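**Q** Quick note, the sequences are listed as chains A, B, C, D, E and F, same order.
Each residue of the first sequence is one higher than the last, beginning at 1 in full-length UniProt numbering.
Each residue of the second sequence is one higher than the last, beginning at 1 in full-length UniProt numbering.
Each residue of the third sequence is one higher than the last, beginning at 1 in full-length UniProt numbering.
Each residue of the fourth sequence is one higher than the last, beginning at 1 in full-length UniProt numbering.
Each residue of the fifth sequence is one higher than the last, beginning at 1 in full-length UniProt numbering.
Each residue of the sixth sequence is one higher than the last, beginning at 1 in full-length UniProt numbering.
For every residue, glycine included, the Cβ atom is placed at its ideal position computed from N, Cα and C.
Please read all numbers here as calculations on a predicted model, not as lab measurements.
Protein chains: 6
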Amino acid sequence: MRPNGRKVNERRPMKLTVNINKYAEGSVYIEVGDTKVICTATVDEKVPMFMKGQGKGWITAEYSMLPRATQTRNQRESARGKLSGRTMEIQRLIGRSLRSVVDLHALGERSVTVDCDVIQADGGTRTASITGAFVAMAFAINKLVQKHNLTTFPIKDFLAAVSVGIVGENIVLDLEYEEDSKAKVDMNVVMTGQGQFVEVQGTGEENPFSRQELDRMLELAEQGINEMILQQQEVLGSIALKIRGDETGGQA
Amino acid sequence: MRPNGRKVNERRPMKLTVNINKYAEGSVYIEVGDTKVICTATVDEKVPMFMKGQGKGWITAEYSMLPRATQTRNQRESARGKLSGRTMEIQRLIGRSLRSVVDLHALGERSVTVDCDVIQADGGTRTASITGAFVAMAFAINKLVQKHNLTTFPIKDFLAAVSVGIVGENIVLDLEYEEDSKAKVDMNVVMTGQGQFVEVQGTGEENPFSRQELDRMLELAEQGINEMILQQQEVLGSIALKIRGDETGGQA
Amino acid sequence: MRPNGRKVNERRPMKLTVNINKYAEGSVYIEVGDTKVICTATVDEKVPMFMKGQGKGWITAEYSMLPRATQTRNQRESARGKLSGRTMEIQRLIGRSLRSVVDLHALGERSVTVDCDVIQADGGTRTASITGAFVAMAFAINKLVQKHNLTTFPIKDFLAAVSVGIVGENIVLDLEYEEDSKAKVDMNVVMTGQGQFVEVQGTGEENPFSRQELDRMLELAEQGINEMILQQQEVLGSIALKIRGDETGGQA
Amino acid sequence: MRPNGRKVNERRPMKLTVNINKYAEGSVYIEVGDTKVICTATVDEKVPMFMKGQGKGWITAEYSMLPRATQTRNQRESARGKLSGRTMEIQRLIGRSLRSVVDLHALGERSVTVDCDVIQADGGTRTASITGAFVAMAFAINKLVQKHNLTTFPIKDFLAAVSVGIVGENIVLDLEYEEDSKAKVDMNVVMTGQGQFVEVQGTGEENPFSRQELDRMLELAEQGINEMILQQQEVLGSIALKIRGDETGGQA
Amino acid sequence: MRPNGRKVNERRPMKLTVNINKYAEGSVYIEVGDTKVICTATVDEKVPMFMKGQGKGWITAEYSMLPRATQTRNQRESARGKLSGRTMEIQRLIGRSLRSVVDLHALGERSVTVDCDVIQADGGTRTASITGAFVAMAFAINKLVQKHNLTTFPIKDFLAAVSVGIVGENIVLDLEYEEDSKAKVDMNVVMTGQGQFVEVQGTGEENPFSRQELDRMLELAEQGINEMILQQQEVLGSIALKIRGDETGGQA
Amino acid sequence: MRPNGRKVNERRPMKLTVNINKYAEGSVYIEVGDTKVICTATVDEKVPMFMKGQGKGWITAEYSMLPRATQTRNQRESARGKLSGRTMEIQRLIGRSLRSVVDLHALGERSVTVDCDVIQADGGTRTASITGAFVAMAFAINKLVQKHNLTTFPIKDFLAAVSVGIVGENIVLDLEYEEDSKAKVDMNVVMTGQGQFVEVQGTGEENPFSRQELDRMLELAEQGINEMILQQQEVLGSIALKIRGDETGGQA
């Protein structure tokens, strides 16, 4: 039996509140059950040094947790003087995922930084961050497209992420902390609106897993992500049409 | 003329939302105009090394801003690998202020850490942090008093803070960012419920100020803080009675 | 056409030279084509702080590249004063992978640290590190079993890793640098001797990938890893029997 | 009774020895009782990055204590790898104070860095640093004015600082370490030659203080600072006339 | 009696294997007894900031030990976040020594970085590094001379280094770890092919030493270095002739 | 011709002012020409971790320069966040030198830290530091001997240091900055009162040197150090007798 009586293929309720920051070019407050993340997207009219002169843009992400986002307080990484390996791994993952659905040439020599700050953590903070970051980025890029009158809309597809895993005997969708902490296998999946994989990261530290188990986890993830992308489309409104290419600026 | 037509002695609207974090022993979301801060208080059943064996508790605070709390994005201090002087100065100020109204002996060898994370900054983040942190701390200490059945309520008085300053020709209360950035004199005042000063920090970098100007700023601050403490008392409910000593556990 | 005329399912020649360090409890020099890594395993008769008192051991790994392991010289991480995200991600991956095939209770409160130092890098350094690290760890744990006369041999299964990916139109096994640098999809797979997955990490930053492509990559990886484990068994000699459980100490 | 039989409004003897460093553009050795600080001012013909192109100069300060300036040895901040919050707070205070009496436009795009190194600490190191730093800066700026033949003398007023506080029942001027360590209220005041406040920093961590106590502390501070500025004028000689504007280059 | 029955003036066997890295402009694997070091030389077509515009080149070196190069494992300096004093001292020594035999003007505004990575340490790692680094540098500079068709060969002389010391009653040549750890006096000597001293570093921490002892140590060092330079000349082949000036490009 | 008409074998005037710090167990202000260093010795009734339980004491040193000790201002190492290689090399040298004349067993499990802070630098700061540090340490150890009533005086011999070098055609004693900056060979020599060598560090980066030149430099150094030790004996007074063993507590 899962917490709150959830079925194995049932996601937690997800809520996206957009434009919650008065300064950022795009911003979203994403709640997935008790996991809560603020995503803000910042546009910069230049690219980092290593990208200069290539006529391409850059998308990057940063991830952090407030000290008391978790059951016991965590020391701030600013106080420790360095980022943990976990943080770096997550922010690299978010950045890569976002870039996979953006046409960097269409963006021009500009960069978008998406900050994902976890206000409360109850499992799945990295997948919630990706799902929220995509929406914040979409708002910011839309603003940029309008401001610079770009002819191609640089976002090629939707993007969302979810965790799946094996808890006890069950293969389950969208693990919350209580499940995550005792899962034998933990997998994060990032997919596009067209059902392609962007990232598949499965770990069986406690228990290696079989090909059949892997297949079932991928199925659950695909179902969950499809549902999440529908919610993204709702809050994106007309921007969703541009991503789908139903309007001027799309990739059709 | 002040922004939004405020009078010189008029504060921005302040809102305190309590218990907004499901893990923290005490938590408050404080909004002062467009300045928004999450304050969470964490109780630890031990004190830092330098306080050991003195039979006293300890109160400390940490302060941080989300990267896009401000008009332009700030680099994270965790990425830079160190805290700025400004951050350290502010968190030292918050900690000192909180300790001034707590009977550390009554607390016992326990510590409370209050995290103040600025979600959006529009001037006065340090004073909003103090005002919110006091309330978060009060909830946490109240829980601790109940759990350990302490006979003396360790909080001796209320505590709030506000900024005052000289903008153009006017001496004004509660500066927002637009005013702060052009103020000739900037002063932060922290006071108790009984009208005593805990901290007075006035700076006339752009313009030294006279004794008369100082006196007027202190008056405005006192008025503003009195109003804020009334709001604290409302959200604290029965805890306010314990602080006032109207109930068992008070300092009367 | 692949470099050196390799077929899409053909690995580079792999060579394992054991006991190449006179101090380490276990050591291997692994060459996979032009990728060359020194793996040394160090036994410590205690566990890190966070593992104390649990009656369990710990396995960890560190990864580094010599500055001129690569075509252009890389600055040392010691000189930069911190580990890169990539390094942390890789050493976390190696450590997790090794732990997945070790019975930490059978190990007792001891730890094994495996250092993977890349002497020359030509693609696939993280997978070569895992494959070599397993062998170095096996020698070290065997020594430890003999010294302490442990009744259960703590290694439960073999472990090896390989990369697969999509280069141009081809799905290929064991990418070298020239291929890696232009791959659309890059996947690292870690598997046990019994054909279970320990880690699956696929990334389509340049190009999301379909379920069919994922399936084909997993097949190639499985074939490659099976071949590598046969080579591990050869150099492990009688230790291989203990891992298989054909002898006292095995998990049978 | 105060140490050495001092009266409540009696400062410790202060001595200013000028030009004690053969390389620095300005230098002063200030002794306030047993508190001893070397202040050296360095002129640089450029400004920091963030000030470039504004046609204005910059004044900054650094503060440090020798490890054995204090009763027990303090670890060096260079060995710890970072500045403490206290150090940063003090050097920001010194810098702000100095800038308040300098016409940065008259200085041109040049900067002055004043280093305050505490050789021996017996209370009041930050106020002694400000008082000494002002004199070192004045010598350096005078040299700069002569070298570049500036028409406006950039220093607009004198500047000195002193501590006041409440020790036991007494409100006292210029606390030495023995008093400082048991003071209930501690206040640092920085004032100009014309009796304006530049910084007022009062802290009642141990004991909040009343408006009457604040008023009395400010009076004592004003008296003490007036006396100190007279001593500065003596050692500054003809430079004092330029600051007062009695000569070409003054602010009259 | 020395370990392995060596005579007091007998060096350990030394072996130089050249071109062991497929990317580096010059590379050598040096073995001195059980001390093993990989030296790679990297050419960069520019000089560090502080050398710019002087028409001269720069030679620098970095030194590091693999964690298990030693009997017990050492923590990585990258993990500790800083270089130890020992490491910095050694890499400064290697760099200075190499520069002493190079005509930096003849090199032009280019730099050579030699990395010395100790694979296994059994005493004398810094002297083995210098001896190996010289050969790696010579290969790299030779390549650079050919590529740019330089008319003067920038290397003016050979360079090698050895340790001498007092162990028990004996003054001995080329100390291995067992001797080094109990030596009363330890001296490292760097000399040129023409018998001039480049560095003499003698330390009698456990026991100050007399002038006669110093003289005898210098004699042994000179003998040892002469032998080592013969071995360098063998592996350098025709490059040795250019250094000697027997050919176009030499310093004759 | 040397600056100030000094002869090649003529030292700069040296002045030792003792007990200049009211807190330190021993303190000396040493002036060698325009090079000025404050040396303070701190006694600690325990040893560092790595020395625990050996029944021996420990002597260590730290070295730093004030930012404006030099002609142009140097950035503080505390601000840079790390010690330079030069600083570490020098403080290791001072520590080793001091330990060579102390009987660490006689000291007991105590440590002495000598801080050498360069107030003004005009060449020879490391040798002045050693010469001054020895005197500060002697005062501190004498106090410790008296306090604990030790039967053996732990200092076995005197210790001083000087630089020698080759400037133009001349081999000279005690180089000041003007000479140092253009010296071809630079050597620092540390010797005991009985004429034994503790450290010999000669560097011919610009120009390798011959055995004859080395011999002449050592002669000059010996002469200079003998003169300096006479001055040390004067200021040490009766402590000098204890070091010489003419009194109870000596090593005779």
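Going by beta carbon distance, what residues of the same chain come within less than 8 angstroms of residue 207 of chain A, once the five residues before and after it are set aside?
**A** Correct list, in chain order: 166, 184, 185.
**Q** Quick test of your reading: residue 192 of chain C and residue 102 of chain C, contact by CB under 8 angstroms. State the CB separation rounded to the nearest angstrom.
**A** Going by Cβ atoms, the distance from residue 192 of chain C to residue 102 of chain C rounds to 11 angstroms, so no, they are not a contact pair.
**Q** Is it buried or exposed for residue 170 of chain A, if we count other Cβ within 10 angstroms and need 16 for buried?
**A** Exposed is the call here.
**Q** With residue 242 of chain B as the anchor, note down where its alpha helix (DSSP H) starts and where it stops.
**A** Residue 242 of chain B -> alpha helix (DSSP H) spans 238-244.
**Q** Does residue 218 of chain E have its Cβ less than 9 angstroms from a Cβ in chain I?
**A** Reference to chain I is not applicable here, since the protein chains of this structure are A, B, C, D, E and F.
**Q** Could you check the C-alpha separation between residue 82 of chain A and residue 78 of chain B for me, to the nearest Å?
**A** Each residue's Cα considered, the two are about 6 angstroms apart.
**Q** Can you tell me the Cα-Cα spacing of residue 111 of chain F and residue 205 of chain A, whole angstroms?
**A** Between residue 111 of chain F and residue 205 of chain A, the C-alpha separation is close to 48 angstroms.
**Q** With contact counted as at least three CB pairs below 8 angstroms, one residue from each stretch, are the segment 39-50 of chain D and the segment 138-150 of chain D in contact?
**A** These segments touch.
**Q** Nearest to residue 14 of chain F by alpha carbon, out of F/157, F/127, F/214?
**A** Residue F/127 is the option with its Cα nearest to residue 14 of chain F.
**Q** Identify whether residue 226 of chain D lies in helix, strand or coil by the three-state DSSP scheme.
**A** Three-state DSSP puts residue 226 of chain D in a helix.
**Q** Determine the direct distance from the alpha carbon of residue 95 of chain A to that of residue 334 of chain B, and round the result to whole angstroms.
**A** Absent from the structure is residue 334 of chain B, since the part of chain B shown begins at 1 and ends at 252.
**Q** Which residue marks the beginning of the alpha helix (DSSP H) containing residue 14 of chain B, and which one marks its end?
**A** Note, residue 14 of chain B: premise wrong, no alpha helix (DSSP H); beta strand (DSSP E) at 14-18.
**Q** Would you mind working out which of D/225, D/240, D/163, D/109 sits nearest residue 52 of chain D, comparing C-alpha positions?
**A** When only C-alpha atoms are compared, the closest one is D/109.
**Q** Among E/39, E/114, E/55, whose alpha-carbon lies nearest the alpha-carbon of residue 30 of chain E?
**A** Nearest option by C-alpha distance: E/39.
**Q** Assign residue 50 of chain C to buried or exposed, taking buried as 16 or more other Cβ atoms, counted over all protein chains shown, within 10 Å of its Cβ.
**A** By the 10 Å Cβ count, residue 50 of chain C comes out exposed.
**Q** With a threshold of 8 angstroms (Cβ to nearest heavy atom), would residue 225 of chain C be considered close to the ligand ATP?
**A** The ligand ATP is not part of the structure shown, which contains no ligands of any sort.
**Q** Alpha carbons only, please: which of C/21, C/149, C/115, C/200 is nearest the one belonging to residue 161 of chain C?
**A** Checked all of C/21, C/149, C/115, C/200; the closest Cα to residue 161 of chain C is C/200.
**Q** Which class does residue 188 of chain E belong to by DSSP, given the choice of helix, strand or coil?
**A** Strand.
**Q** Are any of the Cβ atoms in chain A nearer than 9 angstroms to that of residue 137 of chain C?
**A** Closer than 9 angstroms: no.
**Q** Any idea which residues DSSP pairs residue 171 of chain A with across the strands?
**A** Note: residue 171 of chain A sits in a beta bridge opposite A/166.
**Q** Residues in its own chain within less than 6 angstroms of residue 240 of chain E by CB, not counting five upstream and five downstream?
**A** Cβ within range, chain order: 233.
**Q** With distances taken from CA atoms, which of B/136, B/114, B/107, B/175 is nearest residue 147 of chain B?
**A** Out of B/136, B/114, B/107, B/175, B/107 has the C-alpha closest to the C-alpha of residue 147 of chain B.
**Q** Would you give the residue range spanned by the beta strand (DSSP E) that residue 130 of chain A belongs to?
**A** Unbroken run through residue 130 of chain A is the alpha helix (DSSP H), 125-148; no beta strand (DSSP E).
**Q** Taking C-beta to C-beta, are residue 92 of chain F and residue 92 of chain E nearer than 9 angstroms?
**A** For residue 92 of chain F and residue 92 of chain E, no; Cβs fall outside 9 angstroms.
**Q** What residue from D/227, D/245, D/58 has the CA that sits closest to residue 131 of chain D's CA?
**A** Here the closest residue by C-alpha is D/227.
**Q** Whose CA, out of B/33, B/16, B/27, lies closest to the CA of residue 10 of chain B?
**A** Taking only the C-alpha atoms, the option nearest residue 10 of chain B is B/33.
**Q** Considering residue 64 of chain E, what are the terminal residues of the beta strand (DSSP E) in which it resides?
**A** That run of the beta strand (DSSP E) goes 58-65.
**Q** From residue 211 of chain D to residue 72 of chain B, what distance separates their C-alpha atoms?
**A** Their Cα atoms are separated by approximately 40 angstroms.
**Q** Run through chain D and tell me which residues come within less than 7 angstroms of residue 212 of chain B, C-beta to C-beta.
**A** Result: empty, since nearest Cβ-Cβ is about 11 angstroms, beyond 7 angstroms.
**Q** Which residues in chain E sit within 9 angstroms of residue 180 of chain C, going by Cβ to Cβ distance?
**A** Correct list: empty, because the minimum Cβ distance to chain E is about 15 angstroms.
**Q** Which of the three DSSP states is assigned to residue 199 of chain D in this structure?
**A** Strand at residue 199 of chain D.
**Q** Shortest alpha-carbon distance to residue 115 of chain D belongs to which of D/84, D/159, D/68, D/59?
**A** Cα-wise, what sits closest to residue 115 of chain D is D/59.
**Q** Using three-state DSSP, classify residue 250 of chain A as helix, strand or coil.
**A** Note that residue 250 of chain A scores a pLDDT of 40, beneath 50, so its modelled location is shaky; the value from the coordinates is reported in the next line. Three-state result, residue 250 of chain A: coil.
**Q** Taking 9 angstroms as the CB-CB cut-off, is residue 306 of chain E touching chain F?
**A** This structure cannot speak to residue 306 of chain E, because chain E is shown only from 1 to 252.
**Q** Please state the DSSP three-state secondary structure of residue 235 of chain E.
**A** If DSSP states are grouped into helix, strand and coil, residue 235 of chain E belongs with the helices.
**Q** Within 9 angstroms (strictly less), CB to CB, does residue 126 of chain D reach chain F?
**A** So, not an interface residue.
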